[in-house]
Structures are given as structure tokens and as C-alpha cells.
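Input: a single structure, listed below in C-alpha cells.
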Ligand code: HEM
């Protein structure tokens, strides 16, 4: 009895050890298998077609047959484009590893990696975004920024009435936006020199980000080549650009800090972000609005009737009327959908990821194709038509999904300026439609050229702003 007990005890001890060993071996083996299997997972289908004028439309078309994710072969790391709302929600919204930004060595040489938009995901970014949310959340917006938004939207209406040539017209919109954002950031109007400097800095940032232009973006080690080495002209250019960047951000920041109140250094970078991220996106959306309204007099008339019925003709719409003007709001939603200001949004992933049997290697450039998602005919029937009624359907019918959930980006990197931008856009759209009828300069609707929406630039935007008789 005792022998058999000892035997079974030692057997069981042996078996336990063996079992443990076996299971460990199995676990390691399985893990190896999983890793090997993981390694063998393919990348998303490779995009192998011509880009045409607008890459986002080419990617959208290709993804219809290839699936939601596609790979663009690139030197160094692959680029993966996400083309559907579901995949963007599964990856960019739900998985925190996609909250990173790709490495952009040329932007780092220009000192830009300290800005919110370029910062890699981590504690520093969270702190910066917290400051931004405190200043820009929907709850505080009207109380803090209501008067500024009110004043600047009126200035823009005045400037549009006076603009007499297409150039003056573009400048009016851009200058208004720069004034708005500089006042939002530093609490004072910007002088012309400052505006010039800001434009130069934005232009230089655009150049640093140009795909394929700088070898250092593919070979990051080139960052460490001394500037005097022949062929290192990019380092000298970057050093100059970095100086303009510091002039633009540090001087007004320190002046503001001395004059007003102690400001945390983190705000210094945030201020530059607001200018860089806010100006082109909002001015592009305002220019889209004007170009589209010119070609849709029936939309202008319907919005005007709504404004008159709610607000009357003795005052202008203001932020307190916003909820009572559903058609005006629907116009803004449809502008965001029709021509999103940022058609491709770039994130990076901090660890290797897997999605529907495909592999997304660590540190891939992951681009959300916002344009494709907002032109998906399953979600937005006849996506190439401008139809604000999608978002304000008659007789309680269901509205199509709100583009605001996509056009401002995804997850932990979603645009912190969305409430500010939308409040300003509402005032500009409602007041422009209340005050003016937008007509072609020579009155000839047939002669209007098709609008071309290019990144950061919209062609054929020039309208006559005829004051409505009220
Ligand atoms: C129509 C107007 C605007 C549009 C369509 C827009 C859109 C976007 C998009 C798509 C992103 C990238 C989000 C992502 O990576 O997922 C972004 C980032 C950002 N936007 Fe906006 N934006 C607008 C206006 C503004 C304004 C007015 C401000 C500031 C007052 C602003 C500040 C920022 C900042 C700081 C970031 C970087 C956020 C981060 O990287 O964590 N934006 N915006």
C-alpha cells in the first residue's frame, strides 16, 4: 500500500515534472508557431495602379476590390491605407497602439516633433491634449471664445463684400483665419510681419513633409551628417527653417508670458499647432463653402428661408440660434463630407498588429482615407452630389451618419479644435447666407468651371457677394 503510494507519488511527481516540461515545451513551441504564423501573415494587398491627380480617390477605387486595407510600397517602411469606417473604428479608434505618429526625420530637424500634431504618443502628448481640451471643449467654448468668434466672422463677411478680385478673395479668408487663430492663441491681433513669418513656417513645414523629396525621411541616420559635408544642403536648409519656426513661436509666447500670466512651456508648442492645424483646414472649408454655394443657388435659398423664419431680418444669426437652424448645420456637415479638409489622416502604430488575417508591421505609416469613408455609396448614396438634405431629412426620416465623426480624425489623436472650428464655420455660413446672395461675377451660371479640390487649395473660388435687401 505504502509502496504503491510512494510509487504513485513519485510517478505523479515525475509526471508532474514531465507534464510541466512538456507543457512548457509545448507552450514555447506553440508560441513559436504563433510567432512564425504571425510573421507569415501577408501585408494588405499591394496598391499597384496609377495615382492620378488625387491619391485618395485612387486608393478608394482600388480598395473596392482589394478590401478595406491596402499597402503602398514605399522605401523603408510600408504605408497602409485604411479605406472603410469599420476598419478605421476597429484599428484607429479602438487600439491604442495606433495613436502614434510615424517618424518624420525632416520634420524633427525643423523642430516640429515638439508640436502636438507630430508628437509621438505618450505622457507629453496627453498633457498637451489636456491643455487643449480645457481651452476648446464644447462646454467652455461659447463662454471663452464666443465674442472672438462673433467679431471675426463679421470681419470676414465685411472683407468678402469688399474683395474685388480672386486673389483678394483668397487673401481675405486666409487673413481672417490667421487673425482669429493668433488672437485665440496670444490674445492680440497679428501684425503683417508676423503673418508673413507664419506663412513661411507653414510653407516650410509643407516642404519638409513632401513625400519622396528628402532622403533623410527614408534613411534617418542621415540626420547625424554634419551640415558642412557636401550634399548635406538639407541640414542647412532645415537649420534656417528651424530658426523661423522658433521666431514665430517663441517670441510671441515669451512676450505673452511676460505681459499676462505665467504660462507652462507646453503651451508654447500648442500655440504653434493651433496656427498650423487650424488655418488651412478652416480656410479651406470656408473656400469650399463659397465655391459650392455659387453652384447651388437652391441650397442658398432654402437656408435663407430657414434663417429668416427663425431669426427674422432685423438681426444676424448668432451662436444662440445654432440648434434652431438644422438646414444651415446640414450644409456644414455636407461640406465636410463632400470635400474633407484633410482627406488622408496619418497615424503610426507602436507595435506590430494583425487585422482580418493581415499583418501591419510596427511603425507603419497608417493613413485613414477620410475621403473614401465619406464617399462610400453604401453609406452616402450618390456621394458625388452635394445634398445637405442627407443630414436634415424631411418627416423624421433617418439622417445619414454625421461626417463629424470622421472628418476630424480618429481616437486619441482626434482634432481638439473641432468645436472651435465648427462654431466659427456655423457663424460664417449662417451670416453669409443671411447677408448675401452668392452669384457668378458675370451672372453666367453655365460658364462656371467645375471646382477642383486640391490639397490646401481650391480652384475657381470667386463669387459676387450681393447684399440681400432686408
Ligand atoms: C475644419 C477645420 C478642421 C479640420 C477638418 C481639422 C482636422 C484635423 C484632423 C483630421 C486632424 C488629425 C487627427 C488624427 O490624427 O486622427 C487634426 C489634428 C489637429 N488639429 Fe484640427 N482640424 C480643423 C481645425 C482645427 C483648429 C481650428 C484647431 C485649433 C484651434 C485644430 C487643432 C488641431 C491639433 C492641435 C491637432 C493635432 C492633434 C494630435 O496630433 O493629437 N484643428 N485636425
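Numbering (full-length UniProt numbering), first residue to last: 1 to 470.
For each residue, glycine too, the CB sits at the ideal point set by N, CA and C.
Beta-carbon gap between residue i and residue j smaller than 8 Å
i: residue 411; j: residue 98; result: yes
i: residue 209; j: residue 216; result: no
i: residue 291; j: residue 451; result: yes
i: residue 430; j: residue 328; result: yes
i: residue 402; j: residue 391; result: yes
i: residue 277; j: residue 117; result: yes
i: residue 347; j: residue 132; result: no
i: residue 322; j: residue 426; result: yes
i: residue 281; j: residue 342; result: yes
i: residue 200; j: residue 307; result: no
i: residue 440; j: residue 294; result: yes
i: residue 315; j: residue 205; result: no
i: residue 464; j: residue 157; result: no
i: residue 90; j: residue 355; result: yes
i: residue 286; j: residue 388; result: no
i: residue 319; j: residue 142; result: yes
i: residue 81; j: residue 358; result: no
i: residue 345; j: residue 443; result: no
i: residue 275; j: residue 182; result: yes
i: residue 58; j: residue 49; result: yes
i: residue 437; j: residue 468; result: yes
i: residue 241; j: residue 227; result: no
i: residue 189; j: residue 179; result: yes
i: residue 154; j: residue 184; result: no
i: residue 175; j: residue 152; result: no
i: residue 86; j: residue 73; result: no
i: residue 129; j: residue 416; result: yes
i: residue 335; j: residue 289; result: yes
Cβ-based burial, residue i [other Cβ within 10 Å; buried from 16]
i: residue 18; result: In this prediction, residue 18 scores a pLDDT of 31, lower than 50, which makes its location untrustworthy; no coordinate-derived value is stated.
i: residue 213; result: exposed
i: residue 349; result: buried
i: residue 466; result: exposed
i: residue 378; result: exposed
i: residue 375; result: buried
i: residue 46; result: exposed
i: residue 65; result: exposed
i: residue 243; result: exposed
i: residue 83; result: buried
i: residue 198; result: buried
i: residue 395; result: exposed
i: residue 339; result: buried
i: residue 364; result: buried
i: residue 419; result: buried
i: residue 96; result: exposed
i: residue 333; result: buried
i: residue 284; result: buried
i: residue 56; result: buried
i: residue 490; result: Nothing in the structure corresponds to residue 490, since the chain is present only between 1 and 470.
i: residue 139; result: exposed
i: residue 33; result: Confidence at residue 33 is low in this model, with a pLDDT of 39, below 50, so the placement of that residue should be treated as unreliable; the coordinate-derived value is given next. Classification of residue 33: exposed, given that the 10 Å Cβ count is below 16.
i: residue 121; result: buried
i: residue 309; result: exposed
i: residue 123; result: exposed
i: residue 351; result: exposed
i: residue 100; result: buried
Unbroken beta strand (DSSP E) run spanning residue i, endpoints
i: residue 436; result: 436–439
i: residue 468; result: That residue, residue 468, is in no beta strand (DSSP E); it is neither H nor E in DSSP.
i: residue 348; result: 344–348
i: residue 359; result: 358–360
i: residue 354; result: 353–355
Residue span of the alpha helix (DSSP H) that contains residue i, given as start and end
i: residue 336; result: 326–338
i: residue 307; result: 297–311
i: residue 406; result: 404–407
i: residue 370; result: 370–374
8 Å Cβ cutoff, residue i in contact with chain D
i: residue 431; result: The chain inventory of the structure shown lacks chain D, comprising one protein chain alone.
Proximity test, residue i beta-carbon vs ligand 3 heavy atom, cut-off 7 Å
i: residue 285; result: Annotation note on ligand 3: not contained in the displayed structure, which lists ligand 1 as its ligands.
| message | Restricting to runs no shorter than 3 residues, where is the beta strand (DSSP E) found entirely within the stretch 62–149? | response | 69–72 and 79–82
**Asked** In chain order, which continuous runs of the alpha helix (DSSP H) of length 4 or greater are located wholly inside the stretch 152–240?
**Response** 166–186 and 192–208
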